[in-house]
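Data first, discussion second: the structure below is written as structure tokens.
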Amino acid sequence: MQMKPLIEVHSLHYTYLRGTPLETVALRGVDLVVYPGEVVGLVGPTGSGKSTLLQHLNGLLRPQAGRVVVDGMDLGDSRTDLRAVRRKVGLLFQSPEDQLFERYVADDVAYGPLQYGLPPEEVRARVRRAMLAVGLPPEAYADRPTFALSGGERRRVALAGVLALDPQVLVLDEPLAGLDPAGRRLLASLLEEWCAQEGRAIVWASHSMDEVARSADRMYLLAEGRVIREGTPREIFGDAELLLEHGLDVPAVTWVLRELARAGLPVRTDVLTLEEACDVLEGVLR
């Protein structure tokens, strides 16, 4: 029996500044589903609607047409408690500065739980768990000023603030953008560990095809506010012409194997990771 979805999006439409000369259509009938235990990747060119879609998933934006349902809660229903939705679905913005509210790290991580009126001892426990989960030991970071942190540390503090609410779903807008390679590897590893816990899921928007290829179980390709294709990374990245048509790259290793195949080498072209590429090339060279 198939699991019950955590998030369902049906024929979602959204237009900014409706009825004005600056009216801009962002979403045109988008469908999406997220199940427990999976990482769902969103890819598409700038202006494709990825960020607008993400902001609907925790009620930051309300549907103008269509439906968004989070664990049975219809976000288009004015009676739905959006605070309950936002405890269920945590949103991490692309710029951590948009999500840091307090002067010191521990106070910032505690901000969300305090808004929900949790007891002080519970807040302290959540802050400690969340900081440890993102690799920021409270003993070293609790009293650090947020303005004195590196970009990667600010990103992790913002993530800890979301994790302190103990959501079931993490919605991430370009979570690895602007980080150095070590920072990207660390944060990607932390997110994988978090999602591995029972009943959790991640929705991850990215311009990096390599990140999505490594991390996603399923993915959606968006363009001009529409879902162009849904499938596994292997299925979608296997259609390089479709990606190139929409101004997107394929993962680097996929491109290399594709060029080798065009040059006449008997290699697979549905390769997504460096490890897979090494196996394929070893087989050819034997």
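Going by our numbering, the sequence shown opens with residue -14, and the numbers climb by one from there. Just so you know, even glycine gets a beta-carbon here, dropped at the ideal spot from N, CA and C. Computed from a predicted model, the values in this text were never measured in an experiment.
How far does the alpha helix (DSSP H) with residue i in it reach, from first residue to last?
| i | result |
| --- | --- |
| Gly136 | Gly136 to Leu148 |
| Asp195 | Met194 to Ser200 |
| Thr9 | Where Thr9 is concerned, there is no enclosing alpha helix (DSSP H), although the beta strand (DSSP E) it sits in stretches over Thr9 to Val19. |
| Gly268 | Leu259 to Leu270 |
Measuring only the C-alpha atoms, how far is residue i from residue j?
| i | j | result |
| --- | --- | --- |
| Leu77 | Gln84 | 8 Å |
| Glu23 | Arg203 | 8 Å |
| Glu215 | Val235 | 16 Å |
| Val256 | Cys180 | 24 Å |
| Leu266 | Gly223 | 18 Å |
| Thr5 | Ala11 | 15 Å |
| Leu157 | Ser200 | 13 Å |
| Leu250 | Ala262 | 13 Å |
| Met(-14) | Val19 | Low local confidence applies: a pLDDT of 46 at Met(-14) is under 50, so the model's placement there is unreliable, and no value is given. |
| Gly146 | Gly44 | 18 Å |
| Met116 | Arg141 | 8 Å |
| Arg113 | Gly75 | 18 Å |
| Glu82 | Thr258 | 32 Å |
| Leu39 | Arg243 | 32 Å |
| Ile213 | His(-5) | 15 Å |
The beta strand (DSSP E) with residue i in it runs from where to where?
| i | result |
| --- | --- |
| Glu(-7) | Ile(-8) to Tyr1 |
| Asp165 | Taken as a continuous stretch (DSSP letters only), Asp165 belongs to no beta strand (DSSP E), as it is neither H nor E. |
| Leu76 | Val74 to Leu77 |
| Val112 | That residue, Val112, is in no beta strand (DSSP E); its alpha helix (DSSP H) goes Pro105 to Ala118. |
Taking all protein chains shown into account, decide if residue i is buried (16 or more other Cβ within 10 angstroms of its Cβ) or exposed.
| i | result |
| --- | --- |
| Glu220 | exposed |
| Leu172 | buried |
| Pro122 | exposed |
| Asp93 | buried |
| Leu17 | buried |
Strictly by DSSP, which residues pair up with residue i?
| i | result |
| --- | --- |
| Arg59 | The question names Arg, yet the displayed sequence has Asp at residue 59. Val54. |
Ranges of the alpha helix (DSSP H) found wholly within the stretch 181 to 254, counting only runs of at least 4: 194 to 200, 218 to 222, 225 to 230 and 237 to 247
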